[in-house]
Every structure is written in structure tokens, then in C-alpha cells.
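Protein chains in written order, with the working numbering: chain A, 1 to 117; chain B, 1001 to 1113. The beta carbon of each residue, even a glycine, is placed where N, CA and C say it ideally should be. For clarity, every value in this text was computed on a predicted model and none was experimentally measured. Below is one structure, written out as C-alpha cells; the observations come after it.
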């Protein structure tokens, strides 16, 4: 089955610790995205990547970092600089074949819930 | 700058009743509009999208939405809801010059038997 997987489902972070959230897709999509979801605020874009080895900051990139070394993988690191990391994190991908991947249908993974100890 | 407003944070309806979830947007150029659904503790799934053409868009699970340019609205409707439609619904907007989709704050649809 093609799709997007995120792991782990739940992640606990200690003070001052960096943690990495995994996102893998086997849809052969070029574009990938990371969103943060907080109650009552909808989704906010953290980072996105339209092609391997390239990525762009979204609206709330401070305290986060990403890499895109492989087409199918787009891991997100929540650094110690992110002072309020508790949230639900969603990864998504889109084909990226239209030249305007942001307008394409985005396919979402099941999410990772990050909690601070 | 683009923005999207979902006017109701929660909408309770009885099973088999019709429902309308409201969405208004602001944008100075031609827009692309989306409705996504999120079931509890899951990711989002596309219900339908408007890119161009007919202003009435039909989606999955019996949902439809109408693009109204003069009222800058893209309301989501279903003539008869089922318990399985209980979820959070997100309206989103983008345009030809944008590099991202802007999501609304969501509307939680709860179905009463």
C-alpha cells in the first residue's frame, strides 16, 4: 500500500533535548511538508521541500530543522530552541508535477504527538 | 495577504439532518480552495477542491461545496449526515502567486443520534 508513515506516534522530550520526528512516503512524490497543529489554531507550516536537497522555511520555522537527503524521507528535528514544542505534528506530500506543488492535493500521514516531560 | 475564516468552531447536528460548514476567505487574486477532513488522532484527508471551472464542486462521502466569488465564500454542505461524519473539517486557500496553503482554524462536526 502506498502512503505516508510517521513515527513515533507519541514522543516525549526532556528539557534541553533535541528530538527527531520521522516521515517516510512511498508515493514517489517530489514535494513534502511539515505542519504543526495546536488546538483551535488549525495547521501552521513549519518547513517544506519541493525537491531533494532543497527546502524552504514556512511560517514558524524557528526552533526546527529539516533535511531532505532522499526523495522518500523528510525528518523534522525539534531543537532545544523551540520553547513550546507540545503539539501534534503532521507530515504531508504532494506529487509536485504541476510546477505549483502547493496547489496540489496534499496527502497526510497519521501524525506524531510531541509532549514535554 | 491571504486568510481564511471558519465561522463556527463547533457544529452539532442530528443524524440524517443536513449540514453546512461555513468558510470565508480573503485574497486579492484568483484563488484555489480546499476542504480537508480530520478524523480523531489521524492526519487530514482531502474532501474536495476548487481550482477553476464549475463553481459547484462534488467531493467524497457525499459532500459538496460552492465557490461564491462575490461573497468570497466556499461553504461545505451535505444533505444528510451520518455518525461516521463526526470529525474536524478544515477549509484552506491558496493562489497562483502563493507558495503555501493557508488553513482555517477548523470546525468540529458532532453528530447526535
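Cα-Cα separation between residue i and residue j, rounded to whole angstroms
{"i": "residue 11 of chain A", "j": "residue 113 of chain A", "result": "6 Å"}
{"i": "residue 1056 of chain B", "j": "residue 83 of chain A", "result": "44 Å"}
{"i": "residue 1012 of chain B", "j": "residue 1111 of chain B", "result": "6 Å"}
{"i": "residue 37 of chain A", "j": "residue 1043 of chain B", "result": "10 Å"}
{"i": "residue 79 of chain A", "j": "residue 22 of chain A", "result": "14 Å"}
{"i": "residue 69 of chain A", "j": "residue 1113 of chain B", "result": "49 Å"}
{"i": "residue 120 of chain A", "j": "residue 39 of chain A", "result": "This structure does not reach residue 120 of chain A, given that chain A is present from 1 up to 117, and the question cannot be answered."}
{"i": "residue 88 of chain A", "j": "residue 111 of chain A", "result": "7 Å"}
{"i": "residue 6 of chain A", "j": "residue 72 of chain A", "result": "12 Å"}
{"i": "residue 29 of chain A", "j": "residue 1071 of chain B", "result": "35 Å"}
{"i": "residue 116 of chain A", "j": "residue 65 of chain A", "result": "18 Å"}
{"i": "residue 67 of chain A", "j": "residue 1038 of chain B", "result": "27 Å"}
Contact list for residue i against chain A, beta-carbon separation under 7 Å
{"i": "residue 1062 of chain B", "result": "Those within 7 Å of residue 1062 of chain B in chain A number zero; the least Cβ separation is about 19 Å."}
{"i": "residue 1049 of chain B", "result": "105"}
Extent of the continuous beta strand (DSSP E) run through residue i
{"i": "residue 1051 of chain B", "result": "Counting along the chain, residue 1051 of chain B falls outside any beta strand (DSSP E), and DSSP gives it neither H nor E."}
{"i": "residue 1012 of chain B", "result": "1010-1014"}
{"i": "residue 51 of chain A", "result": "43-51"}
{"i": "residue 86 of chain A", "result": "Element bounds for residue 86 of chain A: n/a, residue is neither H nor E."}
{"i": "residue 76 of chain A", "result": "76-78"}
{"i": "residue 27 of chain A", "result": "Taken as a continuous stretch (DSSP letters only), residue 27 of chain A belongs to no beta strand (DSSP E), as it is neither H nor E."}
{"i": "residue 1076 of chain B", "result": "1073-1078"}
{"i": "residue 57 of chain A", "result": "54-57"}
{"i": "residue 105 of chain A", "result": "Run containing residue 105 of chain A: none; DSSP gives neither H nor E here."}
Residue environment, residue i, which counts as buried when at least 16 other CB atoms sit within 10 Å
{"i": "residue 109 of chain A", "result": "buried"}
{"i": "residue 1030 of chain B", "result": "exposed"}
{"i": "residue 1082 of chain B", "result": "exposed"}
{"i": "residue 46 of chain A", "result": "buried"}
{"i": "residue 1065 of chain B", "result": "buried"}
{"i": "residue 92 of chain A", "result": "buried"}
Where residue i meets chain B, residues with beta-carbon distance less than 8 Å
{"i": "residue 41 of chain A", "result": "1105"}
{"i": "residue 27 of chain A", "result": "Chain B residues near residue 27 of chain A: none, gap ~13 Å exceeds 8 Å."}
{"i": "residue 111 of chain A", "result": "1041, 1042, 1043"}
{"i": "residue 90 of chain A", "result": "1043, 1044"}
Cross-chain neighbours of residue i in chain A, by beta carbon under 8 Å
{"i": "residue 1100 of chain B", "result": "45, 48, 58, 59, 102"}
{"i": "residue 1074 of chain B", "result": "Ordered by position in chain A, no residue passes the 8 Å Cβ test against residue 1074 of chain B, which lies about 15 Å from the chain."}
Interface residues of chain B facing residue i [CB-CB closer than 9 Å]
{"i": "residue 115 of chain A", "result": "Within 9 Å Cβ-Cβ: nothing; residue 115 of chain A doesn't reach chain B, min ~14 Å."}
Neighbour list for residue i in chain A, Cβ cutoff strictly below 9 Å
{"i": "residue 1045 of chain B", "result": "107, 108"}
{"i": "residue 1090 of chain B", "result": "42, 43"}
{"i": "residue 1009 of chain B", "result": "40"}
The stretch 1069-1076 of chain B in contact with the stretch 1006-1025 of chain B per 3-pair CB rule at 8 Å:
yes
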